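Going by the numbering used here, 96 is the number at position 55 of the sequence shown; the sequence numbering is gapless. Please read the structure below before turning to the comments.
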Amino acid sequence: MKKTALIFGVTGQDGSYLSRLLLKKGYVVHGIIRRSSSINTSRIDDIYQEPFTKKKNFILHYGDLTDGTSIFDLIKKVRPNEIYNLAAQSHVAVSFKVPEYTTNTDALGSLRILDSILKINPKIKYYQAGSSEMFGKVQSYPQNEKTPFYPRSPYAVSKVYAHWITINYRESYNIFACNGILFNHESPLRGETFVTKKIVKALCRIKNKRQKKLYLGNIYAKRDWGHAEDYVIAMWKILQYKKADDWVVCTGKQYSVKQFINLVAKKINLKIRWKGKGINEQALSKDNKVIIQIKKKYFRPAEVDNLKGNYSKAKKFLNWKPSKDINSLIQDMVNYELNDVSNAK
Ligand code: NAP
Ligand code: G4F
42 MKKTALIFGV
52 TGQDGSYLSR
62 LLLKKGYVVH
72 GIIRRSSSIN
82 TSRIDDIYQE
92 PFTKKKNFIL
102 HYGDLTDGTS
112 IFDLIKKVRP
122 NEIYNLAAQS
132 HVAVSFKVPE
142 YTTNTDALGS
152 LRILDSILKI
162 NPKIKYYQAG
172 SSEMFGKVQS
182 YPQNEKTPFY
192 PRSPYAVSKV
202 YAHWITINYR
212 ESYNIFACNG
222 ILFNHESPLR
232 GETFVTKKIV
242 KALCRIKNKR
252 QKKLYLGNIY
262 AKRDWGHAED
272 YVIAMWKILQ
282 YKKADDWVVC
292 TGKQYSVKQF
302 INLVAKKINL
312 KIRWKGKGIN
322 EQALSKDNKV
332 IIQIKKKYFR
342 PAEVDNLKGN
352 YSKAKKFLNW
362 KPSKDINSLI
372 QDMVNYELND
382 VSNAK
């Protein structure tokens, strides 16, 4: 019997990689898309052309995490074996601007799915897309499953709610409900306003004289960056494990935003020189033009300065480890941008 998966957030970065993984494993994949005035399926459009989707095993439905009726009806109709909840207003800076909407989607959305599972079929397995942002102002270093949370944004606070309601439904109703606590993961399909994609795209365009400047916020924040393709494998493994549990997924390596910029510049052979301090710090090209400038508007009301994870538990029990380091991640992202005609010389 083929397994059926239902993915909330199928049009996002992770939704796209997870769909491909599950289809290759022989699953029937159902995904939830939102109505939008412009097309929002660009990350999954090509899946329809793949040979493994000829037999109608990739099916999309309209729905929304803020609409409990649509969630209940879809789960009842699809009757999945596994639900992956990847849907979220996932931008930390934006969550300060739309805190109520972020909470409705990212916190209550999880509750709506869990409660539908309880009422329709408590045997459905559930994956909750948790985040290293929950560690926020970190209480210990590196962070693992036992590190206390200290969220620093409406986004992170919502994810802490989603984390605990997942545990609560597991403990109260014996639902196979799991939390992945994933550290930052990137790819060519990363949203354009997240810092890695913003940097890679802009530096490739600056190199090809398509753009003059890149504006950034806090370049001293440190992150543990992995590749999304590796991380969706962990999501799947989490739901195949013998018991429902909570798992940290990361690389255990850490770089600052500034180090990331330097690695990208080196990869594309763009010579840059830093000068100045604080808000006046700048990167100059070899002909002394300012190509990177700091802008106050990209700083957050509260920052998460220092994330670095420890994935020993996932390694030991799930036999998971990252296959791609920062260099292969950057190579993958750079190749994609340089092959995009809109960035070409
Ligand atoms: P993403 O690219 O921003 O994708 C988010 C997805 O959620 C999109 O499909 C989006 O649909 C959908 N969505 C947003 N609001 C929705 C709503 N109200 N109802 C239904 N769908 C909605 O995010 P991602 O990077 O793939 O991340 C996947 C999940 O992992 C998110 O929950 C994120 O918070 C979490 N996470 C991400 C990372 C990371 O580094 N990438 C790390 C830890 C945790 P549209 O396409 O229509 O906008
Ligand atoms: O790329 P970012 O926006 O990612 P952030 O805030 O770490 O959140 C991402 O990872 C989380 C996992 O830890 C996910 F849960 C979440 O959904 C999302 O995918 O920012 C990374 C760092 C921050 O410290 C930010 O202040 O880069 C800094 N930064 C500096 N200049 C910038 C910019 N971030 C963005 N987006 N844009 C800038 O211009």
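Beta carbons: idealized from backbone N, C-alpha and C, even for Gly. As the structure is a prediction and not an experimental result, all values here were calculated from the model.
Would you check whether the ligand G4F has a heavy atom nearer than 7 Å to the C-beta of residue i?
i: A243; result: no
i: A324; result: no
i: L101; result: no
i: S173; result: yes
i: R264; result: yes
i: S297; result: no
i: S131; result: yes
i: E344; result: yes
i: V236; result: yes
i: N185; result: no
Starting from the C-beta of residue i, find all residues in its chain whose C-beta is less than 6 Å away, skip the five residues before and the five after it, and write them out in chain order.
i: V389; result: Residue 389 lies beyond the stretch modelled for the chain, which goes from 42 to 386, so this question has no answer here.
i: G258; result: Y339 and F340
i: P342; result: F137
i: M175; result: F190, P192, A197, K200 and V201
i: I116; result: S157 and I161
DSSP has residue i in a bridge; who is on the other side?
i: K166; result: E123
i: D287; result: N220
i: L257; result: I335
i: L244; result: None, per the DSSP bridge assignment.
i: H226; result: G267
i: S172; result: L223
i: N347; result: K263
i: Q90; result: Bridge partners of Q90: none, in fact.
i: Q184; result: G350
Below 7 Å CB to CB, which residues in the same chain sit around residue i once its five sequence neighbours on both sides are set aside?
i: I274; result: L62 and W361
i: T234; result: H132
i: R231; result: Q54, T237 and K238
For the beta strand (DSSP E) holding residue i, just list the boundary residues, first then last.
i: G221; result: A218 to L223
i: I73; result: V69 to I74
i: R314; result: R314 to K316
i: Y282; result: Looking at the DSSP string, Y282 is not in any beta strand (DSSP E), and its letter there is neither H nor E.
i: A324; result: Q323 to L325
i: Y103; result: F99 to Y103
i: I48; result: T45 to F49
With a 10 Å radius around its C-beta and 16 neighbouring C-beta atoms as the bar for buried, classify residue i as buried or exposed.
i: V51; result: buried
i: N220; result: buried
i: N126; result: buried
i: E123; result: buried
i: Q130; result: buried
i: A243; result: buried
i: V69; result: buried
i: N225; result: buried
i: T388; result: Since the first residue shown for the chain is 42 and the last is 386, residue 388 is missing from the structure and cannot be characterised.
i: E281; result: Note on residue identity: the sequence assigns Gln, not Glu, to residue 281. Exposed, because fewer than 16 other Cβ atoms sit within 10 Å of the Cβ of Q281.
i: N329; result: exposed
Can you give me the start and stop residues for the alpha helix (DSSP H) that residue i sits inside?
i: Q130; result: Unbroken run through Q130: none, as it is neither H nor E.
i: Q54; result: Q54 to K65
i: Q300; result: V298 to K308
i: Y202; result: P195 to Y214
i: I154; result: G150 to I161
Could you check if residue i belongs to the surroundings of the ligand NAP, using beta carbon to heavy atom distance under 7 Å?
i: H268; result: no
i: I73; result: yes
i: H226; result: yes
i: V51; result: yes
i: S83; result: no
In chain order, what residues of the same chain lie with their CB nearer than 8 Å to the CB of residue i, ignoring the 5 residues before and after it?
i: E186; result: I222, D287, W288, V289 and K354
i: I335; result: Y256, L257, G258, I260, G319, I320, N321, E322 and Q323
i: A262; result: S297, V298, E344, V345, D346 and N347
i: R75; result: T52, N81, Y103, G104 and D105
i: T188; result: F176, V179, Q180 and S181
i: S228; result: Q54, Y58, H268, A269, E270, L370, D373 and M374
Does any residue of chain D have a CB that is nearer than 8 Å to the CB of residue i?
i: R211; result: Judged by its chain identifiers, the structure shown contains no chain D, having just a single protein chain.
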